[in-house]
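Residue numbers (the UniProt record's numbering): 1 to 1248.
Given below as C-alpha cells:
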C-alpha cells in the first residue's frame, strides 16, 4: 500500500471497532473502500461475509467490478509469491464477487423481505412499485375515496375545519398534498404510526419555563440573541467615547440594556416573561445631526449598519418566535392542537387505506420494503428461535456503508440491526459536505452525530488501540483537481461553512489539500467569474429584449468559442504527462435545475457548438411530446380548443395560420371543433379558393384519422392506439429526420413504454392516462428517457449539479449561480411546515379569516430555512469540486455597482467567517461567492483587504459582460479543409477484403458444430437437415456458420398428445443416465431402472423419454473391457468434463489458413479414465448403426481428436487411447491417437 497516504492506510487497515471516514471530494474514498475489501480478502476474509451498501445500483455495479478487478490484479501480479491455499482462496473469492452482498440499501432490504417474509405474515407475491407517478395515482384514488368517507362521517365537522384551514377558497387539494407529505416523512422514521400519532404532542398547553415549547424556543432564541448582542457591542465599541457621537452611544446603550434583559430571561423564565421582555425592546430613533468630520461620519455610518443589522435579525428571527401574547397563544394552541390531532387521525387513516390498496394490488414501494425489513430484523425465525437480525449479525463480519451521509433514520435502523453492538463492526464512508439529497429526506445529522462523538484517528499503524465508541478518520487530500481549483474552493468555504450554517466546521480539518502532485506546479489557471450586467451597457436599451438567462448562456458560448479558437495546451494530460489541446468533450455545464436545458440547447445549436444532455429531462416540454399529448387530448375530447389547434398546426396535419383562420370564419361563436365541422359541411369546391381547398382536404384526412383513433381508443389498449398514431401519421419517422432525430424518436418510444407500464399497473383508459401525464407535469415529475449519446461524440455536456455527483470534468462552467435560493423550494409550506421531525402550522381564525403563525410554525420555518441554506452550500461545494483544471462561475446582476454593494453588505465583518445571519439570508450562490471574494487582496481595485486573507494564494478574475456577442456557426469556423484524396480510385473500388472468410463464421464454436465440417460428403444423407443445407459455404465447401439443431415442436402445438421422443432427446437422456450411475456398485437392469426413475422424479428427464432409454444397451456396455475398467477403477474416472480452448482458425476452416485469428472451441467430454500408462478418452453414441458403422466412426473421429487435444491441455498425462462407444451394437471402437490438430483421421479398430 505504498501509494496510499497515512490517513488512507488507516482507513484501509483499522478494524475492531466502528470507523467513520470523512472523505472530502476527490480523496479516493471508493478506492479506499475497495482496497479495504481487498486487504480483508488477502487476510483470509470471505467476501460473502462482508455487507457492502452503496447509494445507487450503478455504484453497486461499479463496486463489484472494481473489487473483481483488484482481486484479479492481485492474483495475477503475485501468483508466484502465493502458496496454493492463498491462490485457491483468491480464485474462489473472484468467483464469489458476483453473488456477494454488495448492493443498495433498498436491494438489501428487499432481500431480507424476500427471505423472511413469513416472520411477519407478509404475502410474498408482490411487485415493486418503483414508479413514483404510479404511486401518486394510487394515492390520489385512495385519498379521493377517503375524503368522501370523512365528509359523510360523524366527525365531518372536524374534517371540514381541517380542509378550511389547509385548503384554499377553491379547493382542498393543499390538504391532500399535506397528507402525502406527512406520509412520506413518516415512512423514513422507525415508527411511522407512532410518529404520526404524536404530532399534536408539541401543541400541548404548557407555557412554563420547563415545558417542551419553551425548551425549543429557548434553543432557537439563544444564538439569535447572542448574535444581536455581538453586533450591538461591535457598534458601541466602534463609537467609543467620541464626544460628537454621544447620542449614538446613548441609543446603543439603551438598546443593549433592553436586549440584555431579554437575554437574562431566556434561561429560566416562562413564555410570558420572555415575551414581555422581547416586546419591551425599543430600538428608538437613530440620532440625526450633521457630522462634518469624514472619519467620524464613516464611523457613525458603520455603527448604524451594525445596529440596523442587529435590529433586522431581532425583528426577522426573534420577534416571530414570541409574536403572540400569552392569551392569544393559549387560544391558538388549543385550536392548533385540535387541528393537528385531526390531521394525525386523517393521516393514519390514509396510511392504513393506502396500505390496504397496495395489498389488494399486490404492490409494495421501497418505503414499505424498508419498513418490513426493519420489522423482520426484530422477529424470531420460527425454525431456529433466533432473531433474524442476529442471523444477519452472525453472517457478516463487517458492514461497509458508502455515501453514509445520505442515509435516513429508517435505513440507519436497518444497518444497526445487522451490525454488531459496540465497539461495532461498521465502516462508514462519506462526506457531509456533499450531502445534497435533503429532498429525498436524507438525514446528514446521523453522520454529524458520529463525527462529533467518534475519536479522531492518529493514523497509527496500531489499529488495535482502545476505541470506546468509534474512530473518525479524515481524508483531506484531493487527487482530482489542480491547485487553483482547491485554492478557490477553500477560499469560499473557509468563509461560508461552519457548524451554524453548513453543520460542520470547514476550518476544522475539512479543508482540501493538494494530492495531485503530478500536475506541474506552474499550471494553475485562474478561476473566472463571468457576470452578465446588462444595465451597465452604454446602450442598455439594446439588451431590453435579451432575457437574463439567455444573456448568461450567450456569454458562456462566447467564452467557449474563444477557448476553442486557441485550444493549444489548454489542458494537462496526467496519464501522458504532457499538455494537450482542449476539445468540446472536455467541457461540462453544470446547472442547478433543468429549467434552462431547452434554452441552452437552442442557443448552442444556433452558435454551432455541439451539446448533449446527459440526464435528458424536460421530456414533456419537447415539441414532439407536446404534439402527441395534444393529439391524445383531442382523441379523448375534441372540444378542447388549444390542443386541437396545436394538432392542426403541427406537422401531423400541417395547416397554415391562414387556413386556421379560414376555418374559424365558418363560425366565430362556436367551439373550434364545431367550426371545423361546419367548414367541412359548407365547403363548395366550385367557389373555394386555394387556401380553402387546401384546408378542406387536410381536415377531411384529419377527421377520418381522428374517427379511427377514437374508435381504436374505445376498444383497444392504449399502447395500440399510440403505435397506430405513429404508423398512420408517420410522425415517428418524421421526427427522425429533424435535428436530434434519434433522441426525438427515443422520446416518442418512451411515451409508448410509459403507456405500457401504466396499463401494466392496472390502470385503464385514455382519459385517465391524460390525467396521469398532467399529474406528472404538475408534480414536476418527468420520464427518465433514454439519452442517445455516441460515446465518441465530441460535444459539450450539460447536466445538473446533483447528476454530476461522483463525476469529474476537465473544464466546468457553473451556470446560473445567481438563481434565487428562496424560490419555489418551499411550495406547499405556506400553511404547514414539516422539519426537524415536527410539524408547524398556521391557524386560520374563523371569525377574522386571518392566518396566525404559531411559534411551532416559526420554529419549523427557521429550521427548514437553515437546512435548505446548508444544503445549498453543499451543492456549491459539489459543483466547484467537479472541476479538474478549469472553473468558470456564471451569473447575473443588473449592474456591477449593485452586485458589489450587496457583496460588501454580506461581508461586513472583520472575522474570516461571514456572519451567520448573512449566510442564512444570502439570496444566491453568487452572493456567497462574491461576499467571499470582495475582501480578497486580488479583488479588482482592492484598498482594504481582510487581514485573514492577505496571504491567500487564490487567483481569480472577474469579467463584467454588458452585451455578449456570439459568432454563429462555431463548428463551421473551426472546420479543417479536407485535402484532395491521393489514392488510385480503381484500386480503391476493386479492393478485396483479405479476411472475408472470417466474416462467415463465429469466433465461438462447439465441438458438435465443428465435427460437421469434416463429414464425408457421401454421408450427407445420414444427417440431412434443412438448416445445415441452408448454411453459407466457403470456397472449399465447408459450412461456416454455427450449426443449430432444429427446435422441438412445442407440446401445445401437437394438441397435448405426447409423441415419441426424438432420437436426440433419448440420446441426451442416455448420457444423463450414464453420468448418474454409481460406478462403485454392480450395474444391473434393476439398478439402472432405479436411476432412471430418480431422474424422472427430479424432473431432469421426462417420464416418456425415460421409458425410451435402452437399459439393456447400458448394462451390456459394462460387460465390455472398457466398461469393466471403469467399474474396477471408479476413482480414476472423470465424467462430463467441460473444456474451452483456442485453436488457429485455419486449422479448422482451410479457407482461413492465412488468417492469424483464433477460434474459441468449447464442449463437454463424456469421460476419461486414468491408467498408469496414460489417459483413455471415451465418448458414448446412441446413433442407429445398421450397416453404416464405418461412416459413423468417420463422422465422430474429428470430434474425439478435438477432445484429445483439449485433454492434453487440461491435464499432464498422455492420451494413450480414444474409444468410440456405439451403445446400440455394444461396440467399442478404438481410434488411433493423432498429432496436434490432426482431427480428420478415422483410423480405427474394434476393441477386443
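Glycine included, each C-beta is placed from N, C-alpha and C at the ideal position. Keep in mind that this is a model prediction, so the values were computed, not measured.
If you run the structure through DSSP and keep just helix, strand and coil, what is residue i?
i, result
"residue 1141", "strand"
"residue 499", "coil"
"residue 1166", "strand"
"residue 23", "strand"
"residue 315", "helix"
"residue 959", "strand"
"residue 17", "coil"
"residue 835", "strand"
"residue 337", "helix"
"residue 885", "strand"
"residue 892", "strand"
"residue 532", "strand"
"residue 247", "helix"
"residue 446", "helix"
"residue 1215", "strand"
"residue 9", "helix"
"residue 1227", "strand"
Considering only DSSP beta bridges, list what residue i is partnered with.
i, result
"residue 851", "844"
"residue 128", "364"
"residue 1158", "1144"
"residue 350", "BP columns for residue 350 are empty, so no partner."
"residue 1179", "1220"
"residue 471", "19, 455"
"residue 64", "Partner(s): none; residue 64 has no beta bridge."
"residue 399", "51, 426"
"residue 813", "589, 888"
"residue 1134", "1168"
"residue 798", "589, 613"
"residue 478", "514"
Nearest to residue i by alpha carbon, out of the options?
i, options, result
"residue 918", "305, 803, 167", "305"
"residue 234", "675, 875, 1105, 252", "252"
"residue 609", "637, 1223, 630, 587", "587"
"residue 915", "54, 26, 313", "313"
"residue 366", "356, 132, 246, 295", "132"
"residue 830", "1160, 819, 843, 838", "843"
"residue 198", "741, 5, 347", "347"
"residue 923", "893, 947, 736", "893"
"residue 271", "258, 951, 327, 126", "327"
Please decide whether residue i counts as near chain D, where near means a Cβ-Cβ distance under 8 Å.
i, result
"residue 393", "Among the chains of the structure shown, chain D does not appear; only one protein chain is present."
Using the beta-carbon count (16 or more within 10 Å), is residue i buried or exposed?
i, result
"residue 993", "exposed"
"residue 1082", "exposed"
"residue 443", "buried"
"residue 989", "exposed"
"residue 1057", "Residue confidence is low: residue 1057 scores 48 on pLDDT, short of 50, so the model does not pin down where it sits. Its coordinate-derived value is still stated next. Exposed is the call here."
"residue 557", "buried"
"residue 805", "buried"
"residue 17", "buried"
"residue 222", "exposed"
"residue 1145", "buried"
"residue 439", "exposed"
"residue 739", "exposed"
"residue 403", "buried"
(request) Enumerate, from N- to C-terminal direction, the unbroken beta strand (DSSP E) stretches of 3 or more residues contained entirely within the stretch 562 to 649. (result) 571 to 573, 578 to 580, 587 to 591, 611 to 613
(message) Which complete beta strand (DSSP E) runs does the stretch 182 to 229 hold, if anything under 3 residues is left out?
(response) none
(message) In chain order, what are the residue ranges of uninterrupted alpha helix (DSSP H) at least 4 long that sit wholly in the stretch 70 to 151?
(response) Listed in chain order, they are 84 to 96, 105 to 116, 132 to 151.
(message) Threshold first: 4 residues or longer. Then list the alpha helix (DSSP H) segments lying entirely within the stretch 1085 to 1122, N to C.
(response) 1085 to 1097, 1103 to 1108, 1111 to 1117
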